[in-house]
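Data block below; observations after.
Residue numbers (our numbering): 26 to 309.
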């Protein structure tokens with residue numbers, strides 16, 4: 026669960042300016058970082074300005090968002106995104122910790138400040154990972170857009186097999202297709218950045234109350250709960266269902282086989298054999 030760790034304002038701005046402008050762009054977004062920004066704005070009692078009339082929020086997947094406020098452009102996203110939009114940036118990263126994700130906030134092509142986001146491990150995640158391993162899922166890999174130091178620490182704490190950091194949506198899809206060559210792949214996600222990977226997995230699972238429509242459409246299964254343990258319960262239910270299906274098939278073949286054998290030996294008539302076949306089919 027992302028939370029704001031630190032806010033550093035560029036020269037000529039203050040911390041409230043950074044959060045105020047970021048919140049103006051992130052308002053109504055379902056992205057986890059947007060939740061962190063909006064929570065910080067609420068904690069600081071910041072009045073969020075209203076975007077220009079008919080101003081759309083433009084999302085560049087995996088990079089950031091932009092909108093318009095008082096006729097000027099507000100941009101929130103990665104350093105790469107800022108460079109692509111030719112935003113004037115200054116180096117504020119020296120004041121940040123290496124284990125934090127950083128987003129840039131700009132207004133009118135000028136850097137307003139940076140916000141470091143610390144991604145806390147969601148409650149129940151350790152239990153979910155342990156349950157999945159006990160269910161026979163041995164390879165658990167994280168695909169994330171977070172910086173490498175953050176991803177490495179998260180993978181270490183959750184005892185994951187591996188991680189791929191700073192991954193854009195196409196990168197996530199590439200890794201899913203790569204792992205498909207070695208076995209069945211279940212991809213779990215919740216946002217628009219996960220949609221391509223969800224679509225390429227053998228089983229795509231979208232979970233969370235704030236999942237995006239695009240991610241849901243790309244998935245085979247939707248879990249409305251934010252509790253990660255529900256994922257292992259889904260796997261357990263799926264395994265139980267498959268066991269019941271196999272048992273039913275075995276029972277059907279056995280009963281029908283015996284009926285055919287007894288009919289061939291003349292122990293009972295074909296009509297009785299047909300009745301047994303139909304009864305067995307209905308019964309399972």
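Beta carbons are placed, not taken as given, at the ideal position from N, Cα and C, and that holds for glycine. Model, not experiment: these values are computed from the prediction.
Per-residue DSSP class, three states only, for residue 163: Annotated three-state conformation of residue 163 is coil, per DSSP.
Report the three-state DSSP secondary structure of residue 97 (helix, strand or coil). The answer is strand: DSSP assigns residue 97 an E or B state.
With C-beta atoms as the reference, is residue 29 less than 8 Å away from residue 62? Remark: C-beta atoms of residue 29 and residue 62 approach each other more closely than 8 Å.
With the cut-off set at 8 Å, would you say residue 103 and residue 129 are in Cβ contact? Yes; because the gap between Cβ atoms is below 8 Å, this pair is in contact.
Name, in chain order, the residues that DSSP records as bridge partners for residue 311. As shown, the chain starts at 26 and ends at 309. That puts residue 311 outside it, with no answer to give.
Between the segment 167-182 and the segment 46-60, do at least 3 Cβ pairs fall closer than 8 Å? When C-beta atoms of the segment 167-182 are compared with those of the segment 46-60, fewer than three pairs fall below 8 Å, so the two segments do not count as touching.
Tell me the DSSP secondary structure of residue 172 in three-state form. If DSSP states are grouped into helix, strand and coil, residue 172 belongs with coil.
Please determine if the segment 179-186 and the segment 147-164 are in contact, where contact requires at least 3 C-beta pairs separated by less than 8 Å. Contact between the segment 179-186 and the segment 147-164 is present, because at least three Cβ pairs lie under 8 Å.
Determine the direct distance from the alpha carbon of residue 113 to that of residue 76, and round the result to whole angstroms. Approximately 22 Å between the Cα atoms of the pair.
Is residue 65 helix, strand or coil by DSSP? Correct three-state label for residue 65: helix.
Report the partner residues of residue 31 according to the DSSP bridge assignment. According to the DSSP secondary-structure assignment, residue 31 is paired through a beta bridge with 141.
With distance defined between alpha-carbon atoms, name the residue in 137, 193 and 296 nearest to residue 37. Residue nearest to residue 37 within the set 137, 193 and 296 is 137 (criterion: CA-CA distance).
Do residue 217 and residue 230 have their C-beta atoms within less than 8 Å of each other? Cβ distance not < 8 Å, so residue 217 and residue 230 don't count as in contact.
Nearest to residue 252 by CA position, among 227, 215 and 281, is which residue? Closest by alpha carbon: 215.
Could you check the C-alpha separation between residue 101 and residue 191 for me, to the nearest Å? About 17 Å.
So is residue 275 buried or exposed if we call it buried at 16+ other beta carbons inside 10 Å? So residue 275 counts as exposed.
Count the other C-beta atoms from every protein chain shown that fall within 10 angstroms of the C-beta of residue 295, then say buried if there are 16 or more, exposed otherwise. With fewer than 16 other Cβ atoms within 10 Å, it is exposed.
The segment 38-55 in contact with the segment 86-100 per 3-pair CB rule at 8 Å: They touch, by the three-pair rule.
Can you tell me the Cα-Cα spacing of residue 225 and residue 288, whole angstroms? Answer to the nearest angstrom: the Cα atoms are 49 Å apart.
Inter-residue Cα distance where the pair is residue 277 and residue 146: The straight-line gap from Cα to Cα measures roughly 47 Å.
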